[in-house]
Amino acid sequence: ALGARQLPIVVNSPGGNVDAALQLGRTIRRAKLDIAVGTTEFSGCSPEMKNCRDDDSKAAPYLGIAYDSGAMCNSACPLMFAGGVRRVVGEWAFL
Numbered sequence: 003a004l005g006a007r008q009l010p011i012v013v014n015s016p017g018g019n020v021d022a023a024l025q026l027g028r029t030i031r032r033a034k035l036d037i038a039v040g041t042t043e044f045s046g047c048s049p050e051m052k053n054c055r056d057d058d059s060k061a062a063p064y065l066g067i068a069y070d071s072g073a074m075c076n077s078a079c080p081l082m083f084a085g086g087v088r089r090v091v092g093e094w095a096f097l
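Numbering-wise (this note's numbering), the sequence shown opens with residue 3 and increments by one.
Shown next as structure tokens:
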């Protein structure tokens, strides 16, 4: 459980449907979420390993770190990205 904490949305997208991107942008803004362009490097279990559990059974099943290297938000993605309250694009990401 995250309690009162709100994690940012981290996106890595070549683009897609304009209408969907606009709707997602509105949803992100209504929820007052931050957004960043990035990829996730998992440590221990990755989402593909459905029954995996790290040694620490109290921790979240998938732990990782967001990186900007090579991440992208192209085509319709910037329309969604604009909905973020705070928007972060690292120097190695593409927007």
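Each residue gets a CB set at the ideal place from its N, CA and C atoms; glycine is no exception. Note that the coordinates shown come from a computational prediction; the quantities given were computed from them, not determined experimentally.
Counting pairs of beta carbons, one from the stretch 11 to 19 and one from the stretch 72 to 83, are three or more of them closer than 8 Å?
yes
In the structure shown, what three-state DSSP assignment does residue 2 receive?
Any question about residue 2 goes unanswered here, given that the chain covers just 3 to 97.
Kindly identify the DSSP beta-bridge partner or partners of residue 74.
96
Straight-line CA distance for residue 50 to residue 65?
13 Å
Over the uninterrupted alpha helix (DSSP H) stretch that includes residue 9, give me the two end residues.
Where residue 9 is concerned, there is no enclosing alpha helix (DSSP H), given that its DSSP letter is neither H nor E.
Residues sharing a beta bridge with residue 50, DSSP:
Partner(s): none; residue 50 has no beta bridge.
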